[in-house]
């Protein structure tokens, strides 16, 4: 379906230009990149604090397979540069978010860990361009967006502290004015969880300390700084990587603890606006988490579909057994939902960046929705796909264990599920996002040919979901208990409506059924003791052709599964 869906989100000329690059990325992801990712996952990076002669010279040693993955992503495909300048992949201007995320969606089906440095480099560049001093942008932008691998500056984000994870207002790292320091500031403190810790540049949150030692408490005292790893004179900046984390997943990519010992830094944007400015970077990272979750689920589903199609037991293919078809359906729905939400959010981001007044509040609510639900769904989808492979799925020689381990990341980094669900309510309360989302979904429904019964069901589901979210938002702190329920309902209804719209645009009977099944399985009330006969169309819905090309076109307005 990806080949059919992308023209809905990209201009025709860009889609046609990008198609051979997408095909090449897909071929690499299913072959050499997957082999490299497996090797890198089993050989995590290590940290040296000194040279063999005893000099202090911290260095993270990366496996050659990981370095080759870096080269493909940053240099060959320019994934961190494609949104910021022309010339990447032969296109003469920056590409819209949907193009970048389409390529990333394919890449992550092979390698998940590197997508964190990719995202942070891309997001740091965006934040620097948006809030940084023009001289600072001119100095660092060429290296952040180069495809010359040896000249590349990767980015990072040092925010988390032991006592300040999601509670950024509790930040204790200090920023002290020093006219003798490069950038005019020195940073002192510890950062607890820093991925890509040897990045050339990092965005850091710190509390400004006045000459008398006083500082503004709370979130208003926190400012944003750019931390270079190497100073202009070629010397190392004054911070140390204390140790690397031994993580459950993303084992190919280094994460560590940072001690800032008077590190030189540049102020980015306005004093006291650090979190507001960092939020732009965080929101893009959250969307990237959703892209990664969608890619993980797609890879897991592909593995499950292949096994079900090719493996025989008791004289039958697994795919011909009713329980397996039902299991595949439960993998297919969240996988398709996440992909649709990726491109809906990417399009809202494009419009917001272009100055569309309604697009920002839409993007502002879609981003936490995909971060909240898709990242949670990825944990179950990867686990259930492992079960389809059986005992072999539990063996590290196969991709399944890596997918399962990596899938647990998304619902933790850039805000845990509770934090992100509350952010959905915050978007409704502060940005007025709910009526904008409702209007967007009503417009999609109005542009979609649909069976009368199905349309009535969609309309009612949307109205009830908006009522739930309104009740949660209007109740203030008392409504926070409904945050997760409201976020899930909004995600499911939004994705179902958007999938139905996609089905109408491309004439896909299969996709219209999937859109309606999202409501059946994830929104509408069901009798846990009820049941029925498996519909005859289920097999073709959960088992696409072996060549991967879905050709189920037809009169979508005649489809009604309710």
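In the working numbering, the protein residues as written are 122 to 683.
Virtual Cβ for every residue (Gly too), placed ideally from N, Cα, C.
Rounded to the nearest angstrom, the Cβ distance from residue 371 to residue 513 is 23 angstroms, too far for a contact under 8 angstroms. Ranked by Cα distance from residue 607, the options 599, 598, 591 and 572 are led by 591.
Nearest in C-alpha terms to residue 643, of all of 536, 228, 617 and 358, is 617. Assigned with DSSP and collapsed to three states, residue 187 falls in helix.
In the DSSP annotation of this structure, residue 603 is not part of any beta strand (DSSP E), being labelled neither H nor E. Of all alpha-carbon atoms in 498, 485 and 679, the one lying nearest the alpha-carbon of residue 574 is that of 679.
Residue 459 counts as buried, since at least 16 other C-beta atoms from the protein chains shown sit within 10 angstroms of its C-beta. Residue 349: member of the beta strand (DSSP E) spanning 343-349, first to last residue. Here residue 650 is exposed. Its C-beta has fewer than 16 other C-beta atoms within 10 Å. Per DSSP, residue 382 is one residue of the beta strand (DSSP E) stretching across 376-389. Counting C-beta atoms within 10 angstroms of its own C-beta, residue 261 has 16 or more neighbours from the protein chains shown and is therefore classed as buried. A direct Cα-to-Cα measurement between residue 258 and residue 221 gives close to 22 angstroms.
Counting along the chain, the unbroken beta strand (DSSP E) around residue 167 starts and ends at 167-171. Within the same chain, Cβ atoms closer than 6 angstroms to the Cβ of residue 381 are found at 308, 309, 310 and 360, the five residues on either side in sequence being excluded. Between the alpha carbons of residue 662 and residue 457 lies a distance of about 12 angstroms.
Residue 429 places its beta carbon 8 angstroms or farther from that of residue 421.
Residue state for residue 364 is assigned as strand, using DSSP reduced to three classes. Per the DSSP secondary-structure output, residue 282 pairs in a beta bridge with 285. Between the alpha carbons of residue 142 and residue 401 lies a gap of roughly 29 angstroms. Short of 6 angstroms from the beta carbon of residue 289, and not among the five residues preceding or following it, lie these beta carbons of its own chain, in chain order: 396.
Note on geometry: alpha-carbon atoms of residue 195 and residue 657 lie some 46 angstroms from one another. DSSP places residue 235 outside both helix and strand once states are collapsed to three, so it counts as coil.
For the 8 angstroms CB-CB criterion, residue 328 and residue 343 form a contact. Around residue 184, the same chain offers 161 and 164 as residues with beta carbons nearer than 6 angstroms, after the five sequence neighbours per side are excluded. Rounded to the nearest whole angstrom, the C-alpha separation of residue 511 and residue 312 is 41 angstroms. Residues of the same chain with a CB within less than 7 angstroms of the CB of residue 413, apart from the 5 flanking positions on each side, are 229, 233, 236 and 531 in chain order. The bridge partners DSSP lists for residue 306 are 298 and 386. Secondary structure note for residue 457: its alpha helix (DSSP H) is the uninterrupted segment 443-474. When the five nearest sequence neighbours on each side are left out, the beta carbons in the same chain lying within less than 8 angstroms of the beta carbon of residue 537 are those of 287, in order along the chain. Inclusion of residue 398 and residue 252 in the CB contact set at 8 angstroms is warranted, their separation being smaller than that value.
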